[in-house]
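Here's the structure we're looking at; comments come further down.
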């Protein structure tokens with residue numbers, strides 16, 4: 465057996481050497497971006513740092529919805545990235561989408577959330593919509609700068625999606641929706657909503673819910689006030705009430721009773737770019753702290769020469785680099801056509817924790833200045849917290865990871 469293994473190992477080493485010689489990157493495992501990816505990254509980086517970042521403090525202070533930036537992102541092709549070409553989209557992969565999400569969040573994660581929320585609303589249509597639905601609802605998103613919303617969370621149902629109480633009752637050829645949704649991003653401006661509603665109160669979660677596309681101008685939709693949140697203040701977050709909202713049967717996504725699976729499937733696709741946004745916040749925190757530590761002096765030297773500060777910066781860098789790798793793996797699995805639930809939850813949980821640690825450490829490095837709104841890092845600390853909450857809390861991600869481990 466030892467001889468057989470040695471022979472197999474020799475052949476494997478020979479094959480790897482040949483691949484190493486033939487591959488322009490020197491290895492089949494490649495961390496380089498393609499020229500096209502680099503160009504796309506540069507467009508997003510330039511937009512984030514020249515257009516978004518200079519506006520970040522003002523938008524945080526006023527809470528103004530960044531319509532002008534959303535329109536500019538639309539004109540640059542930095543929104544609706546995953547919509548197939550057949551409906552006017554760029555049909556980019558998850559790797560490219562996550563790369564752009566990181567760059568946008570570096571400028572302001574409130575702005576990036578407003579932009580990226582379209583992806584969450586659209587994903588159920590991408591995954592389960594029929595041809596007519598895709599043409600109508602995805603097509604309009606590429607034709608003009610519009611936003612849509614993902615309506616699942618309710619006042620009493622966040623992590624426990626099975627606790628959703630919004631109902632849809634069939635009446636003739638239509639369905640009538642009643643209920644409340646809460647913490648719905650972009651809902652004050654949404655052209656349409658993806659709504660998860662209970663259609664069979666006696667069934668288990670897997671068969672109890674149905675997904676609907678609901679036009680934003682439907683009678684009976686009541687948009688609540690814009691919530692005043694701790695961070696990401698320019699992102700529009702509201703409660704939405706549905707009072708006898710009539711939805712035509714043609715707006716059912718997939719089949720009746722299949723909504724829970726569609727809603728959860730969307731998260732596997734959207735968690736990598738959300739995690740990438742957390743990496744963008746962490747990278748910004750590191751860059752701000754590094755620059756400050758290089759010019760701020762104590763005891764006659766820049767504070768980055770003190771080991772206590774130098775090690776904090778090193779730990780921030782470790783977190784950023786490893787979180788980015790986790791995001792890339794989760795996104796790459798999607799692009800390979802494989803189920804990525806395990807990797808998506810790892811990326812989401814880890815990147816969110818990294819962003820919070822990095823932002824907190826940046827405030828500490830800034831000292832008293834870090835606690836003041838005249839400096840950028842206190843905003844980063846407030847913005848970072850939501851990454852441990854939305855699109856699945858840090859605790860829910862660990863529930864998913866532990867469950868998925870059993871099948872690996």
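Numbering (the numbering used here), first residue to last: 465 to 872. Heads up, the beta-carbon is just placed ideally off N, CA and C, and yes, glycines get one too.
query = Which residues bound the beta strand (DSSP E) around residue 676?
reply = In the chain shown, residue 676 corresponds to position 212, counting from 1. Per DSSP, residue 676 belongs to the beta strand (DSSP E) from 673 to 679.
request  = Taking residue 759 as the reference, give the member of 773, 806, 687 with the closest Cα.
outcome  = Within the chain shown, numbered from 1, the residue matching residue 759 stands at position 295. Among 773, 806, 687, the Cα nearest to that of residue 759 is on 773.
key: residue 661 - partner residues in DSSP beta bridges   = Your numbering for residue 661 matches position 197 in the chain shown. Partner(s): 674.
Paired residues, beta bridge with residue 606 - DSSP = Along the chain shown, read from residue 1 onward, the residue named residue 606 stands at position 142. Looking at the DSSP output, residue 606 shares a beta bridge with no other residue.
ask   = Candidates 680, 606, 587: which alpha carbon is nearest residue 535's?
value = Stepping through the chain shown from its first residue, residue 535 is reached at position 71. The candidate whose alpha carbon is nearest that of residue 535 is 606.
message = With a threshold of 6 Å on Cβ separation, who are the neighbours of residue 545 within its own chain once the five nearest residues in sequence on each side are excluded?
response = Against the chain shown, residue 545 aligns to sequence position 81. Excluding sequence neighbours, residue 545 sits near 554, 556, 561.
query = Which residue or residues does DSSP assign as beta-bridge partners of residue 710?
reply = The sequence position of residue 710 within the chain shown is 246, counting from 1. Note: residue 710 sits in a beta bridge opposite 640.
key: Sequence-distant residues of its chain with Cβ nearer than 6 Å to residue 487 (five each side left out)   = Here the question's residue 487 lines up with position 23 in the chain shown. Note that residue 487 has pLDDT 46, beneath the 50 cutoff, so the model's placement of it is unreliable and the number below is only indicative. Cβ neighbours of residue 487 beyond the five flanking positions: none.
ask   = What are the boundary residues of the beta strand (DSSP E) that includes residue 613?
value = One-based indexing of the chain shown puts residue 613 at position 149. Residues 613 to 615.
request  = Would you mind giving the Cβ-Cβ distance between residue 746 and residue 783, rounded to the nearest angstrom? I have them listed as a contact below 8 Å.
outcome  = Along the chain shown, one-based indexing puts residue 746 at 282. Along the chain shown, one-based indexing puts residue 783 at 319. So it is a contact: roughly 6 Å between Cβ atoms.
task = Look at the Cβ atom of residue 827, then the Cβ atom of residue 841, and state whether they are nearer than 8 Å.
result = Position 363 of the chain shown, counting from 1, holds the residue named residue 827. Position 377 of the chain shown, counting from 1, holds the residue named residue 841. It is a contact, given that the beta carbons lie within the stated cut-off.
query = When DSSP labels each residue in this structure, what does residue 741 get in the three-state scheme?
reply = For the purposes of this step, residue 741 is taken as residue 277 along the chain shown, with counting starting at 1. Taken through DSSP and simplified to helix, strand or coil, residue 741 comes out as helix.
message = Taking 8 Å as the threshold (C-beta atoms), are residue 687 and residue 882 in contact?
response = One cannot answer for residue 882 here, as it falls past the ends of the chain, which runs 465 to 872.
Terminal residues of the alpha helix (DSSP H) in which residue 863 lies = Along the chain shown, one-based indexing puts residue 863 at 399. Counting along the chain, the alpha helix (DSSP H) containing residue 863 begins and ends at 858 to 869.
inquiry  = What does the alpha-carbon distance come out to for the pair residue 856 and residue 833?
reply    = For this step, residue 856 is matched to residue 392 along the chain shown. For this step, residue 833 is matched to residue 369 along the chain shown. Distance between the alpha carbons of residue 856 and residue 833 is about 33 Å.
key: Cβ shell of residue 732 (< 6 Å), same chain only, five flanking positions each side left out   = Here residue 732 corresponds to residue number 268 of the chain shown, with the count starting at 1. For residue 732, where only same-chain residues beyond five positions count, the Cβ hits under 6 Å are 804, 805, 808.
ask   = Nearest-angstrom Cα distance between residue 692 and residue 702?
value = Here residue 692 is taken as the residue at index 228 of the chain shown, counted from 1. Here residue 702 is taken as the residue at index 238 of the chain shown, counted from 1. In a straight line, the C-alpha of residue 692 is about 9 Å away from that of residue 702.
task = Run the CB neighbour count on residue 595, radius 10 Å, all protein chains shown included, and call it buried at 16 or more, exposed below.
result = For the purposes of this step, residue 595 is taken as the residue at position 131 of the chain shown. With fewer than 16 other Cβ atoms within 10 Å, it is exposed.
message = For residue 550, count the other beta carbons within 10 Å of its own beta carbon; 16 or more makes it buried, fewer makes it exposed. Which is it?
response = What you label residue 550 is simply residue 86 of the chain shown in a count that begins at 1. Residue 550 counts as exposed, since fewer than 16 other beta carbons sit within 10 angstroms of its beta carbon.
request  = Closer than 6 Å by C-beta to residue 433: which residues in its own chain qualify, once you throw out the five before and the five after it? Chain order, please.
outcome  = Any question about residue 433 goes unanswered here, given that the chain covers just 465 to 872.
request  = Can you say whether residue 624 is buried or exposed, counting buried as having 16 or more other CB atoms within 10 angstroms of its CB?
outcome  = Residue mapping note: residue 624 aligns to position 160 of the chain shown, counting from 1. With fewer than 16 other Cβ atoms within 10 Å, it is exposed.
key: beta strand (DSSP E) runs wholly inside the stretch 822 to 850, at least 3 long, in chain order   = none
key: Helix, strand or coil at residue 690 according to DSSP, with G and I counted as helix   = In the chain shown, the residue the question calls residue 690 occupies position 226. Here residue 690 sits in coil by DSSP.
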